[in-house]
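S.K.:
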Amino acid sequence: EPEVTQTPSHQVTQMGQEVILRCVPISNHLYFYWYRQILGQKVEFLVSFYNNEISEKSEIFDDQFSVERPDGSNFTLKIRSTKLEDSAMYFCASSEEGQGGQPQHFGDGTRLSIL
Amino acid sequence: AQSVAQPEDQVNVAEGNPLTVKCTYSVSGNPYLFWYVQYPNRGLQFLLKYITGDNLVKGSYGFEAEFNKSQTSFHLKKPSALVSDSALYFCAVRDPSGNTPLVFGKGTRLSVIA
Chain A
26 EPEVTQTPSH QVTQMGQEVI LRCVPISNHL YFYWYRQILG QKVEFLVSFY
76 NNEISEKSEI FDDQFSVERP DGSNFTLKIR STKLEDSAMY FCASSEEGQG
126 GQPQHFGDGT RLSIL
Chain B
950 AQSVAQPEDQ VNVAEGNPLT VKCTYSVSGN PYLFWYVQYP NRGLQFLLKY
1000 ITGDNLVKGS YGFEAEFNKS QTSFHLKKPS ALVSDSALYF CAVRDPSGNT
1050 PLVFGKGTRL SVIA
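Just so you know, the protein sequences line up as chains A and B, in that order.
For the first sequence, my numbering assigns the number 26 to the initial residue and increments by one for each residue that follows.
For the second sequence, my numbering assigns the number 950 to the initial residue and increments by one for each residue that follows.
#1: Which residues mark the beginning and the end of the beta strand (DSSP E) in which MET40 of chain A is found?
#2: Using beta-carbon positions only, say whether ILE45 of chain A and THR101 of chain A come within less than 8 Å of one another.
#3: Helix, strand or coil for SER83 of chain A? Go by DSSP, reduced to three states.
#4: Measuring straight from C-alpha to C-alpha, what distance separates ALA1036 of chain B and ARG991 of chain B?
#5: Taking TYR906 of chain B as the reference, which of A:GLN124, A:ARG105, A:PRO33, A:ARG61 has the closest Cα?
#6: Considering Cα atoms alone, identify which of A:LEU140, A:HIS130, A:SER138, A:TYR58 is closest to GLU28 of chain A.
#7: At a Cβ threshold of 8 Å, is PRO128 of chain A touching chain B?
#8: Quick one: any contact between the region 1022-1041 of chain B and the region 965-985 of chain B, if contact means 3 or more CB pairs under 8 Å?
#9: So, for GLN987 of chain B: in the same chain, excluding its five sequence neighbours on each side, which residues have a beta-carbon less than 8 Å away from its beta-carbon?
#10: Any chance the region 106-116 of chain A sits against the region 63-81 of chain A, with 3 or more Cβ pairs inside 8 Å?
Here is the structure:
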């Protein structure tokens, strides 16, 4: 069964540095998402992306964050000037369609640790 | 605004016994409801969804969930629990209008004891 793949599985970065988290969505999916899960807390929506532009973003997704689909397969999340509170699991998800009934399929996540 | 409540942080059940993981929701209009499971160091795996139709929906690994509109609930159930069902379970709701994000509950940790 096709999967969403994320790299790296664990990223350790010094505070203030930039990180790029990478995702390869399922190949025929058109809608892409990033969520994060701070340790012990709920999964929170960050941003959705369709047709090379952001569809919706949460209040968490401020100017520090950006997303990009640099080629036909990758979908990246960039975090500039990282802060301690950015430490979390970041999950990429994709869905075939954007309609509400379509399930989103998640990758295994990238654990981001900011020191 | 949409919201999901999972009132139990932890559910313990003996292997072979039925299990229930509770979820209630708040949304304007008709909700789209989902259950996901998360195993250690893994992402969220889709279990089942309710969109419309029969209130009892069946999903992966023998799980099912019952949509109850009057109680605004969508409890996850399984008739006979397995040790391998031990994991973190998330209920989620989505506004059916357009490409809207999933809103998750805080999760319920299920422990099935042999």
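Every residue, glycine too, gets a C-beta built ideally from N, C-alpha and C.
M.R.: The relevant details are as follows:
#1: For MET40 of chain A, there is no enclosing beta strand (DSSP E), as DSSP gives it neither H nor E.
#2: Yes, the pair counts as a contact, with Cβ atoms nearer than the cut-off.
#3: SER83 of chain A: coil per DSSP, three-state reduction.
#4: Looking at the backbone, the Cα of ALA1036 of chain B and that of ARG991 of chain B are separated by about 10 Å.
#5: Here chain B comprises residues numbered 950 to 1063, so residue 906 of chain B is not present and cannot be evaluated.
#6: The option with the nearest alpha carbon to GLU28 of chain A is A:HIS130.
#7: Yes, PRO128 of chain A counts as interfacial toward chain B.
#8: Remark: three or more beta-carbon pairs, one from each stretch, lie closer than 8 Å, so the region 1022-1041 of chain B and the region 965-985 of chain B are flagged as touching.
#9: These residues qualify, in order along the chain: LEU993, GLN994, ALA1036, LEU1037, TYR1038, PHE1039, GLY1056.
#10: Contact between the region 106-116 of chain A and the region 63-81 of chain A is present, because at least three Cβ pairs lie under 8 Å.
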